[in-house]
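Participant: Chains as they are written, first to last, in my numbering: chain A, 1 to 345; chain B, 1 to 345. In this text, a Cβ means the ideal position worked out from N, Cα and C, and glycines have one as well. The structure displayed is predicted, hence computed values, not measured ones.
There are 2 protein chains.
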Amino acid sequence: MTSRSSAPSPSANPVHVPPSDSRQRVSQAFQQLQDSICQQLEVVDGQAAFQEDSWERPDGGGGRSRVIKQGGVFEQGGVNFSEVWGKNLPPSILVQRPEAAGHGFYATGTSMVLHPRNPYIPTVHLNYRYFEAGPVWWFGGGIDLTPYYPFAEDVVHFHRTLKQACDRNHDAYYPNFKRWCDEYFYLKHRDEPRGVGGIFFDYQDGRGELYHGPDQDGPAAQHSRQVGELPSRDWDTLFKFVQDCGNAFLPSYLPIVERRQNLAYGDQERDFQLYRRGRYVEFNLVYDRGTIFGLQTNGRTESILMSLPPMVRWEYGFEPEPNSREAELYNTFLQPQDWVNWPDA
Amino acid sequence: MTSRSSAPSPSANPVHVPPSDSRQRVSQAFQQLQDSICQQLEVVDGQAAFQEDSWERPDGGGGRSRVIKQGGVFEQGGVNFSEVWGKNLPPSILVQRPEAAGHGFYATGTSMVLHPRNPYIPTVHLNYRYFEAGPVWWFGGGIDLTPYYPFAEDVVHFHRTLKQACDRNHDAYYPNFKRWCDEYFYLKHRDEPRGVGGIFFDYQDGRGELYHGPDQDGPAAQHSRQVGELPSRDWDTLFKFVQDCGNAFLPSYLPIVERRQNLAYGDQERDFQLYRRGRYVEFNLVYDRGTIFGLQTNGRTESILMSLPPMVRWEYGFEPEPNSREAELYNTFLQPQDWVNWPDA
Numbered sequence: 001m002t003s004r005s006s007a008p009s010p011s012a013n014p015v016h017v018p019p020s021d022s023r024q025r026v027s028q029a030f031q032q033l034q035d036s037i038c039q040q041l042e043v044v045d046g047q048a049a050f051q052e053d054s055w056e057r058p059d060g061g062g063g064r065s066r067v068i069k070q071g072g073v074f075e076q077g078g079v080n081f082s083e084v085w086g087k088n089l090p091p092s093i094l095v096q097r098p099e100a101a102g103h104g105f106y107a108t109g110t111s112m113v114l115h116p117r118n119p120y121i122p123t124v125h126l127n128y129r130y131f132e133a134g135p136v137w138w139f140g141g142g143i144d145l146t147p148y149y150p151f152a153e154d155v156v157h158f159h160r161t162l163k164q165a166c167d168r169n170h171d172a173y174y175p176n177f178k179r180w181c182d183e184y185f186y187l188k189h190r191d192e193p194r195g196v197g198g199i200f201f202d203y204q205d206g207r208g209e210l211y212h213g214p215d216q217d218g219p220a221a222q223h224s225r226q227v228g229e230l231p232s233r234d235w236d237t238l239f240k241f242v243q244d245c246g247n248a249f250l251p252s253y254l255p256i257v258e259r260r261q262n263l264a265y266g267d268q269e270r271d272f273q274l275y276r277r278g279r280y281v282e283f284n285l286v287y288d289r290g291t292i293f294g295l296q297t298n299g300r301t302e303s304i305l306m307s308l309p310p311m312v313r314w315e316y317g318f319e320p321e322p323n324s325r326e327a328e329l330y331n332t333f334l335q336p337q338d339w340v341n342w343p344d345a
Numbered sequence: 001m002t003s004r005s006s007a008p009s010p011s012a013n014p015v016h017v018p019p020s021d022s023r024q025r026v027s028q029a030f031q032q033l034q035d036s037i038c039q040q041l042e043v044v045d046g047q048a049a050f051q052e053d054s055w056e057r058p059d060g061g062g063g064r065s066r067v068i069k070q071g072g073v074f075e076q077g078g079v080n081f082s083e084v085w086g087k088n089l090p091p092s093i094l095v096q097r098p099e100a101a102g103h104g105f106y107a108t109g110t111s112m113v114l115h116p117r118n119p120y121i122p123t124v125h126l127n128y129r130y131f132e133a134g135p136v137w138w139f140g141g142g143i144d145l146t147p148y149y150p151f152a153e154d155v156v157h158f159h160r161t162l163k164q165a166c167d168r169n170h171d172a173y174y175p176n177f178k179r180w181c182d183e184y185f186y187l188k189h190r191d192e193p194r195g196v197g198g199i200f201f202d203y204q205d206g207r208g209e210l211y212h213g214p215d216q217d218g219p220a221a222q223h224s225r226q227v228g229e230l231p232s233r234d235w236d237t238l239f240k241f242v243q244d245c246g247n248a249f250l251p252s253y254l255p256i257v258e259r260r261q262n263l264a265y266g267d268q269e270r271d272f273q274l275y276r277r278g279r280y281v282e283f284n285l286v287y288d289r290g291t292i293f294g295l296q297t298n299g300r301t302e303s304i305l306m307s308l309p310p311m312v313r314w315e316y317g318f319e320p321e322p323n324s325r326e327a328e329l330y331n332t333f334l335q336p337q338d339w340v341n342w343p344d345a
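(1) Between which residues of its own chain and A:Y330 is the CB-CB distance below 7 angstroms, once the five residues before and five after are set aside?
(2) Have a look at B:L250 and B:V257 and give me their C-alpha separation to the nearest angstrom.
(3) Quick one: residues in its chain with C-beta nearer than 8 angstroms to the C-beta of B:A248, no 5 flanking neighbours on either side, listed in chain order?
(4) Let me check one thing: in DSSP terms, what residues is B:N80 bridge-paired to?
(5) Can you tell me where the beta strand (DSSP E) holding B:A29 begins and where it ends?
(6) Using a Cβ-Cβ cut-off of 6 angstroms (strictly less than) and excluding sequence neighbours within five positions of B:G134, which residues of its own chain qualify?
(7) So B:H125 contacts chain A; which residues on that side make the cut at Cβ distance below 8 angstroms?
(8) Closer than 7 angstroms, CB to CB, is A:E302 near chain B or not?
(9) Tell me which same chain residues have a C-beta within less than 6 angstroms of the C-beta of B:R64, skipping the five on either side of it?
(10) Specify whether the region 179-187 of chain A and the region 16-29 of chain B touch according to this definition: at least 3 beta carbon pairs, one from each stretch, less than 8 angstroms apart.
(11) Whole-angstrom Cβ separation of A:T301 and B:R190, contact assumed at under 8 angstroms?
(12) Using a Cβ-Cβ distance cut-off of 7 angstroms, determine whether A:P320 contacts chain B.
(13) Determine the direct distance from the alpha carbon of A:F201 to that of A:D215, and round the result to whole angstroms.
(14) Can you tell me which of the three DSSP states B:A152 falls into?
(15) Against chain A, does B:H189 count as a neighbour if the rule is that its beta carbon must be under 7 angstroms from one of theirs?
(16) Tell me the residue span of the beta strand (DSSP E) that contains A:R179.
(17) Let me check you understand the geometry: is the CB of A:L274 closer than 6 angstroms to at least one non-hydrogen atom of the ligand GDP?
(18) Need the endpoints of the beta strand (DSSP E) that B:W369 sits in, please.
(19) Check distances from the C-beta atoms of the region 324-339 of chain A to those of chain B and list, in chain order, the residues that come in under 8 angstroms.
(20) Can you name the residues of chain A whose CB is closer than 8 angstroms to the CB of B:G317?
(21) Cα-Cα, which of A:Q70, A:N169, A:G140, A:Y149 is closest to A:W180?
(22) Along the region 277-294 of chain A, where does the CB come closer than 8 angstroms to a CB of chain B? Name the residues.
(23) Can you tell which of B:E229, B:Q39, B:I199, B:G195 has the C-alpha that lies nearest to the C-alpha of B:E432?
(24) For A:L94 and B:L274, what's the separation of their Cα atoms in angstroms?
(25) Please name the residue in B:Y120, B:P175, B:Y174 whose C-alpha comes closest to that of B:D154.
(26) According to the Cβ coordinates, are B:L41 and B:G246 closer than 7 angstroms?
(27) The beta strand (DSSP E) spanning A:Y130 covers which residue range?
(28) Just to make sure I have the definition right: I need the residues of chain A whose C-beta is within less than 9 angstroms of the C-beta of B:P310. Which are they?
(29) Would you identify the three-state DSSP class for A:L238, choosing helix, strand or coil?
(30) Mapping DSSP to helix, strand and coil, what is A:T332?
(31) Using a Cβ cut-off of 7 angstroms, pull out every chain A residue sitting near B:G78, in sequence order please.
(32) Hey, out of B:R233, B:Y128, B:H16, B:L285, whose CA is closest to B:R194's CA?
(33) Grab me the residues of B:W342's own chain with a C-beta within less than 7 angstroms of its C-beta, minus the 5 sequence neighbours each way, in chain order.
(34) Would you list the residues sitting across from A:Y106 in a DSSP beta bridge?
(35) With a threshold of 7 angstroms between beta-carbons, can B:M306 be considered close to chain A, or not?
(36) Distance check for A:F283 and A:F74, CA to CA, integer angstroms please.
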């Protein structure tokens, strides 16, 4: 063990106290993020508009779900804002944050999943969230891309845009959160990443630690736990970082849509897209932390499962043809790669 | 509390010792069940044949998976036999059978899911399984029906056939196992049963107890735990019961296929079938004991997930039109009902 690999323990630095208006500020920022995303996506889609459902949670809180269906670009997309509170966090979270036991909680977040119709446009997922519970608070979330027929230049553009947003805040963020994303969006029963990743982080509370994984035994789980060390960060510093991440979504994704939305495709590409969407369903129902949190806390089922694709196919024993474009997805893109330094892109 | 509702504790009666050839006898019976089911289903389908994959499990055991695809009747169907062994049962089972901790285990089973193309033919699921682990052994399983556009006479026929098979063994079986089935195949996050049920049981080891539920908070969970009391049963008595249940599948289901396979349907019926198949996916990935056991014990993923439908649809916020046939499914059939005494059937 070198001194570099001995990450600071969670209690090495004190947790800063959030400002008195923390909940309002985060909630407002997450609603603005939802607004700006929906507004731009409607422009890009050109045909369909988001329909909004406002809802209340019987046990406390509520949200506004916005769904776009059968659009020009988006076969289905959902952008949710929610703000909920209650008496106890579910056991799956208390294991990670035992200090929260016996305290009421507050949680707010914006989450988004877009399923484009054209198989050359990747599916994209975003979620940023904030929790307070007794003595602890934290930010979590991320954004990740799931292509069907990928172009390396699209994946590189996506990752470089995220890295720029991270680097404006701290140069240790991107390498750690990129690796955490590769590890988190991983289907253990398939031994397969969900897509080409992006960034993911959880339990960011200003203590030095960046990396709390692994939940699973993914390929990244063998890596050392943290790249570099960080000073203690205060609440405002982390809040700004999460806002920067949220604002990076549109410039990371819209250029990909614009480049690919007019590419012609046929039944083969469509069939493969529907097949690969099955992996999305498997991940979200078996592993996803946000889905499980929602179902465990009696969230609004239709809003939680809005992430599931509108049409999906399973096929027993499917294997891509050797040297096909489908095989290239598995062999090149569904492997953790150093996308920001990818050659020739 | 009446004396009737105080069910005997699991240790009230001793566990009988299985015969020395128990594993071979059950394994052979489950393979014969797979054979006879596949043979008859091919006759009924008329177009497609089952394709078999034999597989070995690296940690011990293996199986033979048989899949029929794009048939005359069956859009997809799978009938699996497996026989696996290993060092430790997964935690989810050890909670129910702590006596098995620290012992190797043996498990064998036959499972089947059929997804017909015609929305007037219900999806059907069967699974019978046998476990040995140190001092304990048990049988489990059942069969249940999931219609899209149901006919009461089909549901009544299905339940009456199962009741006859149960009654030949003990008249307390059907009422208990029918109720357990209603409780088990229940989607908590939808507050909705998966279908019209059938029979389900688990941990049957000859001790008096019939009923170990609930795992969830389904509508049946409020009922008293057991109808009637049973004498201690030996291994052979239970083995015969499980065989009778397995043999009841073909007469319970094939008459329904024959009656409905030539009914004409259109896009509306097909769309609703694909939408309702989404519930099947949600149940199997979020709740199903067999799926979770398979994934937790590094089973063969393609064989485990063979239960997922070939084509599925999700639709945000879907509600059936009032007084429609789709609404009738929800209001009449997706409610626990006393099907064997249904009027006018």
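Facilitator: In terms of the structure at hand:
(1) Only P320 meet the Cβ criterion.
(2) Near 10 angstroms, if we compare the C-alpha coordinates of B:V257 and B:L250.
(3) Closer than 8 angstroms at the Cβ level, and outside the excluded window around B:A248, lie I143, T161, L162, Q164, A165.
(4) DSSP lists B:S65, B:S111 as partners of B:N80.
(5) Note, B:A29: premise wrong, no beta strand (DSSP E); alpha helix (DSSP H) at 22-45.
(6) Answer for B:G134: A100, H103, listed in chain order.
(7) Correct list: empty, because the minimum Cβ distance to chain A is about 15 angstroms.
(8) Cβ-Cβ to chain B under 7 angstroms: yes for A:E302.
(9) Result list for B:R64: E52, S54, F81, in chain order.
(10) The region 179-187 of chain A is not in contact with the region 16-29 of chain B.
(11) Indeed they touch by this definition, with Cβ atoms about 6 angstroms apart.
(12) Not one chain B Cβ lies under 7 angstroms of A:P320.
(13) Its pLDDT being 49, under 50, A:D215 is placed unreliably by the model, and the measurement read from it follows with that caveat. Annotation: A:D215 to A:F201 spans about 12 angstroms, alpha carbon to alpha carbon.
(14) DSSP places B:A152 in the helix class (H, G or I) of the three-state scheme.
(15) Closer than 7 angstroms to some Cβ of chain A, the Cβ of B:H189 qualifies, so yes.
(16) For A:R179, no beta strand (DSSP E) encloses it; the enclosing alpha helix (DSSP H) starts and ends at 173-184.
(17) The model on display carries no ligand, and the ligand GDP is accordingly not part of it.
(18) Residue 369 of chain B is absent from the structure shown; chain B starts at 1 and stops at 345.
(19) Within the region 324-339 of chain A, no residue qualifies.
(20) Result: D53, V67, E302.
(21) Ranking A:Q70, A:N169, A:G140, A:Y149 by Cα distance to A:W180 puts A:G140 first.
(22) The residues in question are G278, V281, E282, L285, V286.
(23) Any property of residue 432 of chain B remains undetermined from this structure, which presents chain B solely from 1 to 345.
(24) Spanning the alpha carbons of A:L94 and B:L274 requires a straight line of approximately 38 angstroms.
(25) Here the closest residue by C-alpha is B:Y120.
(26) With contacts defined by Cβ atoms closer than 7 angstroms, B:L41 and B:G246 do not form a contacting pair.
(27) That run of the beta strand (DSSP E) goes 123-133.
(28) Scanning chain A for C-beta atoms nearer than 9 angstroms to the C-beta of B:P310 yields R313, W314, E315, Y316, reported in chain order.
(29) Per DSSP, reduced to three states, the secondary structure at A:L238 is helical.
(30) Helix at A:T332.
(31) The answer, in chain order, is Y316.
(32) The alpha carbon of B:R194 has as its nearest neighbour, out of B:R233, B:Y128, B:H16, B:L285, the alpha carbon of B:L285.
(33) Correct list, in chain order: A152, V156.
(34) Beta-bridge pairing by DSSP links A:Y106 to A:W85, A:E132.
(35) Interface residue, yes.
(36) Going by the C-alpha atoms only, they are around 21 angstroms apart.
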